[in-house]
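J.: In the working numbering, the protein residues as written are 30 to 160. Glycine is no exception: its CB is placed at the ideal position from the N, C-alpha and C atoms. Predicted model, so just to flag it, every value in this text is computed and none were measured.
Here's what the structure looks like:
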């Protein structure tokens, strides 16, 4: 009831997609951003592969994987939405996205409820213990 406080976090992450700099004709700042997106996605792929294989997990290799650490093999419930295109032009990206999603589906999390006693209950137990 009201004597227990439950908390939770919600992470919404749009992973965009692998940015093909050559096909998108990105230049300058946009090309650098595409490179950073690709690097984060590669690191996320390594983390997913390591979790599925029960190997060392390189969470610290990227800000993205560090942020998602509890969602990837941690104590959280995780949902992945893979958005794909029916276009023949995007077949490589679609296959890559589905491969990512399939691997991520094989990660086993151990969800737990984050709860703690309210201050009222904690105070009561402290008084009871010190009597």
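Please give me, in chain order, every unbroken run of the beta strand (DSSP E) with length at least 3 that falls completely inside the stretch 130-154.
T.: Here the runs fully enclosed are 143-146.
J.: Assuming residue 36 is part of the beta strand (DSSP E), what are its boundary residues?
T.: Element bounds for residue 36: 33-36.
J.: At which residue ranges does the stretch 65-103 contain complete alpha helix (DSSP H) runs of 4 or more residues, listed in the order of the chain?
T.: Segments of the alpha helix (DSSP H) lying fully in the stretch 65-103: 92-96.
J.: So, helix, strand or coil for residue 125, using DSSP?
T.: In the structure shown, residue 125 sits in a helix (DSSP, three-state: H, G or I).
J.: Would you say the stretch 108-115 touches the stretch 123-139, given that touching needs at least three Cβ pairs under 8 Å?
T.: Segments in contact, yes.
J.: Between residue 147 and residue 33, how many whole angstroms is the CB-CB distance? I'm expecting something under 8 Å.
T.: Right, their Cβ atoms sit about 7 Å apart.
J.: In this structure, how does DSSP classify residue 61 when only helix, strand and coil are distinguished?
T.: In the structure shown, residue 61 sits in a helix (DSSP, three-state: H, G or I).
J.: Within 8 Å, do at least three Cβ pairs link the stretch 79-97 to the stretch 55-64?
T.: Result no; under three Cβ-Cβ pairs closer than 8 Å.
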